[in-house]
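Since the structure comes first, as C-alpha cells, the remarks are kept for the end.
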Amino acid sequence: MCPTRLSTLAVHVDHRHGTGKVRGVRCFNCNPAIGKLGDDPDAVRRAAAYLEGTSWKPTPVAQGVYQLPS
Numbered sequence: 115m116c117p118t119r120l121s122t123l124a125v126h127v128d129h130r131h132g133t134g135k136v137r138g139v140r141c142f143n144c145n146p147a148i149g150k151l152g153d154d155p156d157a158v159r160r161a162a163a164y165l166e167g168t169s170w171k172p173t174p175v176a177q178g179v180y181q182l183p184s
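For the sequence shown, my numbering assigns the number 115 to the initial residue and increments by one for each residue that follows.
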C-alpha cells in the first residue's frame, strides 16, 4: 500500500534523484509527483498548505473585512 495515499497498491520504487538511494515504494501517481516537486520537503509542505487553503484563503477579521495572506 502506498504510504502517501493509503489506498493504492505501491509497486514503484522511489529513490532520491540526486543519489539514487532507495527510499521505499510508492504508487504510480505518488512516485513521480514527489520527483516533480524536486524531492524537496518544503515544496511538499507548500503544496499541502495550498490544497488545505491555508496559503491563499483570506481570513475574516470583521464582518465583511478580510485579510489576505502575506
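Heads up, the beta-carbon is just placed ideally off N, CA and C, and yes, glycines get one too.
Beta-carbon contacts of residue i that lie in its chain and below 6 Å, excluding the five residues immediately before and after
i: residue 116; result: 122, 124, 140, 141, 144
i: residue 155; result: none
Beta-carbon contacts of residue i that lie in its chain and below 7 Å, excluding the five residues immediately before and after
i: residue 129; result: 135, 136, 137
CA nearest to the CA of residue i, picked from the options
i: residue 151; options: 167, 168, 131, 182; result: 131
i: residue 168; options: 157, 177, 183, 154; result: 183
i: residue 170; options: 160, 178, 148; result: 160
i: residue 149; options: 163, 165, 164, 126; result: 126
Extent of the continuous alpha helix (DSSP H) run through residue i
i: residue 149; result: 144-150
Nonlocal neighbours in the same chain, by C-beta distance under 8 Å from residue i, ignoring five residues either side
i: residue 172; result: 180, 181, 182, 183
i: residue 146; result: none
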